[in-house]
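Notes follow once the structure below has been shown.
In the numbering used here, the protein residues as written are 110 to 760.
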């Protein structure tokens, strides 16, 4: 196993041994041939120890010491691949699981050597993805390859040379997604079918992501992170650079749209199964029904609903992805997912013991209705219970923000921090009871505003422990809440004295303060149930996408430039028609609606609403447009034609 340890050490890029092995000369073909001879003899004799050692040697050789440049080397590679596949496809009673694992590691290490072309690798991956469920060896090989690709993809930047190698094509992604959907549905179904003991064991193993799910997570994170975090090169402002960045962003968005569509489609199928299992458990009479319904949410987090969907929803709210194309493509699926999640969340909520206690007491309900005003009673009668009924949605600031110095503070220590909670009318500060400083002039000053030029609220310093000043500034560090008007507070602390030799740490502890936008702190430790949170997130994203669809495409620079031209009365008088190729051009035939023969330039002209109806009839001249005299004079000057003179006829 010394070779195996060498292989593990070599896998780390930070160790010197990796650089050493990378600089070694490639192994010669006859040496690899001798290794294959040893493997064949060990397979004939059934010597598992030798087989396992040779498999580890294969891993090291493929990774560092072999390059199939010549035809002889390629023949040896084909021979090695046949031996590995012979071991991989051997019956389970003839090969142990440890050897099967080493075979998979050897094939994964030599993937680019055993399968040099992209088509060959794709064929291999297609085989393990489609036949993996029927063969344990192929299933384990699939897991090893996808895990390795996921790790490589996480450390790779979009558009690099290795990006296409680690990011599989759409066909293979579709196969992987089908496996993930099937695994998720099977996991949810087990909540209904397995025994009580098996269900408890299942709860102890989740949430754990399979290799296929891990690879999909890596692909999604790879695309989303590069889209959100991508920044153009500030040092290169050339047109080619800007054009390249634009093409890269467009390619990223296209890939994200394709992946998001597939993920949302898969989540739709999983949510449908979740709703069926939830309904079946509610209608069943098994003894541990409540425990299974409670554990169903934890099981759901282990599926693609927990590992893929929340990250996707959060990322799609980023401005870079809030586009009309995204909204138009994803809106139907988002609406369907909102319906499934809200219905399933309501089903689980109605079975919750807390909810049942709140709604099952008729006397309590009648007392509450009796106290309502007539208008409120009318609203109460019309309101239908939803998945958010009775739940308190935690505000972003409910948990508060903690501001504190180092503990203990050191000589010449300075601290300044500003806390801003948008929309808050006032802020409430609660100080730690350990707050102290050596002297009263080692103090904290609080300002009601964004900086130290704002209004001073209070200042605190000193200690009552008998060290330093042996007193405190003013009334001392506050034990009650301190109220600060406004939505912003600034803390400024300065340690002006030097620490004396007999002053303990507790007398120089510094300060710690929690800032909240409400007087009483909420209990936000539990948060919202997972499905409720998911339904709420889907609803917010759907509303955001709906707003984008309602607003339509953004006004272009050309449209902004032509605003005055578009408001021209001359253009308003024109009749427009849509050509076969989609181009809008002035119509040569009149509109069916009657139009005035002239337009008064001093009055606003309103074009009839039915003017875009396809014109019918014969061609004839458009009605005249009466132009102001000033324009007519200019036109005559430019054209050189004088105004016609009307002479009276001589009889």
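Note that CB positions come from ideal geometry on N, CA and C, so glycine has one too.
My parser needs the alpha helix (DSSP H) runs of 4 or more residues fully inside the stretch 577-658; what are they? none
Whole-Å CB distance - residue 100 paired with residue 599, under 8 Å assumed: The structure shown does not extend to residue 100, since the chain is modelled only from 110 to 760, so the question has no answer here.
Same chain, Cβ closer than 7 Å to residue 748, five either side skipped, listed in chain order: What you label residue 748 is simply residue 639 of the chain shown in a count that begins at 1. No residues qualify anywhere along the chain.
Within 9 Å (strictly less), CB to CB, does residue 360 reach chain D? This model lacks chain D altogether; it includes just one protein chain.
With residue 450 as the anchor, note down where its alpha helix (DSSP H) starts and where it stops. Counting from 1 along the chain shown, the entry for residue 450 is found at position 341. Its alpha helix (DSSP H) spans residues 433-459.
Using a Cβ-Cβ cut-off of 6 Å (strictly less than) and excluding sequence neighbours within five positions of residue 550, which residues of its own chain qualify? Your numbering for residue 550 matches position 441 in the chain shown. If you ignore the 5 residues before and after residue 550, its C-beta comes within less than 6 Å of the C-beta of 605, all in its own chain and listed in chain order.
Cβ-based burial, residue 327 [other Cβ within 10 Å; buried from 16]: Translated into the one-based positions of the chain shown, residue 327 becomes position 218. Its Cβ being crowded by 16 or more others within 10 Å, residue 327 is buried.
Buried or exposed: which applies to residue 205, given that a residue is buried once 16 or more other Cβ atoms fall within 10 Å of its Cβ? Taking the first residue of the chain shown as 1, we reach residue 205 at position 96. The residue in question, residue 205, is exposed, as its Cβ has fewer than 16 Cβ neighbours within 10 Å.
Can you give me the start and stop residues for the alpha helix (DSSP H) that residue 740 sits inside? Counted from its first residue, the chain shown places residue 740 at position 631. Unbroken alpha helix (DSSP H) run through residue 740: 738-748.
Please state if the CB of residue 426 and the CB of residue 658 are separated by a distance shorter than 9 Å. The residue given as residue 658 occupies position 549 in the chain shown. The residue given as residue 426 occupies position 317 in the chain shown. No.
What's the C-alpha gap between residue 560 and residue 538? Here residue 560 is taken as the residue at index 451 of the chain shown, counted from 1. Here residue 538 is taken as the residue at index 429 of the chain shown, counted from 1. The C-alpha of residue 560 lies about 17 Å from the C-alpha of residue 538.
So what does DSSP say about residue 553, is it helix, strand or coil? Residue 553 sits at position 444 when you count from the first residue of the chain shown. Annotated three-state conformation of residue 553 is strand, per DSSP.
Just verifying my parser: in three-state terms, what is the DSSP assignment at residue 571? Locating residue 571 in the chain shown gives position 462, counting from the first residue. Of the three classes helix, strand and coil, the one that applies to residue 571 here is strand, per DSSP.
Hey, could you find the ends of the beta strand (DSSP E) residue 525 is sitting in? Locating residue 525 in the chain shown gives position 416, counting from the first residue. That run of the beta strand (DSSP E) goes 523-529.
Residue 591 and residue 566 - do their beta-carbons sit closer together than 9 Å? For the purposes of this step, residue 566 is taken as the residue at position 457 of the chain shown. For the purposes of this step, residue 591 is taken as the residue at position 482 of the chain shown. Yes, Cβ-Cβ distance for residue 566 and residue 591 is below 9 Å.
Are the CB atoms of residue 522 and residue 511 within a distance shorter than 9 Å? Taking the chain shown and counting its residues from 1, the one referred to as residue 511 is at position 402. Taking the chain shown and counting its residues from 1, the one referred to as residue 522 is at position 413. Cβ distance not < 9 Å, so residue 511 and residue 522 don't count as in contact.
For residue 323, count the other beta carbons within 10 Å of its own beta carbon; 16 or more makes it buried, fewer makes it exposed. Which is it? Looking up residue 323 in the chain shown gives position 214. Result: buried.
Report the three-state DSSP secondary structure of residue 145 (helix, strand or coil). Here the question's residue 145 lines up with position 36 in the chain shown. Helix.
Whose C-beta lies closer than 8 Å to the C-beta of residue 192 among residues of the same chain, with five residues either side of it excluded? Counting from one through the chain shown, the residue named residue 192 turns up at place 83. Within the same chain, residue 192 has close Cβ partners 145, 148, 149 and 152.
Please state whether DSSP places residue 417 in a helix, a strand or coil. As a working mapping, residue 417 is identified with position 308 in the chain shown. In the structure shown, residue 417 sits in coil (DSSP, three-state: anything other than H, G, I, E or B).
Helix or strand or just coil, what does DSSP make of residue 537? Within the chain shown, residue 537 is the residue found at index 428, counting from 1. In this structure, residue 537 counts as strand in the three-state DSSP scheme.
Pick helix, strand or coil for residue 370, following the three-state DSSP scheme. The residue labelled residue 370 in the question sits at position 261 within the chain shown. Correct three-state label for residue 370: helix.
Measuring straight from C-alpha to C-alpha, what distance separates residue 360 and residue 309? The count along the chain shown starts at 1 and reaches residue 360 at position 251. The count along the chain shown starts at 1 and reaches residue 309 at position 200. The alpha-carbon atoms of residue 360 and residue 309 are separated by roughly 45 Å.
Considering only the alpha carbon of each residue, which of 242, 617, 452 and 302 lies closest to residue 574? Mapped onto the chain shown, residue 574 falls at position 465. Nearest option by C-alpha distance: 617.
Environment of residue 654 [buried if 16+ CB atoms lie within 10 Å]: In the chain shown, residue 654 corresponds to position 545, counting from 1. Taking a 10 Å sphere around the C-beta of residue 654, we find 16 or more other C-beta atoms and assign the residue as buried.
First through last residue of the alpha helix (DSSP H) which encompasses residue 280: Translated into positions along the chain shown, residue 280 becomes position 171. Run containing residue 280: 279-302, per the alpha helix (DSSP H) assignment.
Let me confirm a value: residue 671 is counted as buried when at least 16 other C-beta atoms fall within 10 Å, else exposed. Which label applies? As a first step, residue 671 is located in the chain shown; it is residue number 562 there, counting from the start. It counts as exposed.
Among 249, 602 and 305, which residue has its Cα nearest to the Cα of residue 395? Position 286 of the chain shown, counted from the first residue, corresponds to residue 395. Among 249, 602 and 305, the Cα nearest to that of residue 395 belongs to 305.
Straight-line gap, residue 389 to residue 303 (C-alpha atoms, nearest Å): Counted from its first residue, the chain shown places residue 389 at position 280. Counted from its first residue, the chain shown places residue 303 at position 194. Spanning the two alpha carbons is a distance of roughly 14 Å.
Under the assumption that residue 294 contacts residue 379 (Cβ atoms under 8 Å), give the Cβ distance between them as a whole number of angstroms. Against the chain shown, residue 294 aligns to sequence position 185. Against the chain shown, residue 379 aligns to sequence position 270. With a Cβ gap of about 6 Å, residue 294 and residue 379 count as contacting.
Where residue 545 falls: helix, strand or coil (DSSP): Taking the first residue of the chain shown as 1, we reach residue 545 at position 436. Three-state result, residue 545: strand.
Bridge partners of residue 513, per DSSP? Counted from its first residue, the chain shown places residue 513 at position 404. According to DSSP, which records beta bridges pairwise, residue 513 is partnered with 621.
First and last residue of the uninterrupted alpha helix (DSSP H) at residue 198: Position 89 of the chain shown holds residue 198. Looking at the DSSP string, residue 198 is not in any alpha helix (DSSP H), and its letter there is neither H nor E.
CB residue 289 to CB residue 375, shorter than 9 Å? What you label residue 289 is simply residue 180 of the chain shown in a count that begins at 1. What you label residue 375 is simply residue 266 of the chain shown in a count that begins at 1. It is a contact, given that the beta carbons lie within the stated cut-off.
Can you determine whether any heavy atom of the ligand COA sits closer than 8 Å to the C-beta of residue 187, and answer yes or no? Of ligands this structure carries none, so the ligand COA is not represented either.
Confirm, please, whether the CB-CB distance from residue 433 to residue 424 is below 9 Å. Position 315 of the chain shown holds residue 424. Position 324 of the chain shown holds residue 433. Not a contact, by the Cβ cut-off of 9 Å.
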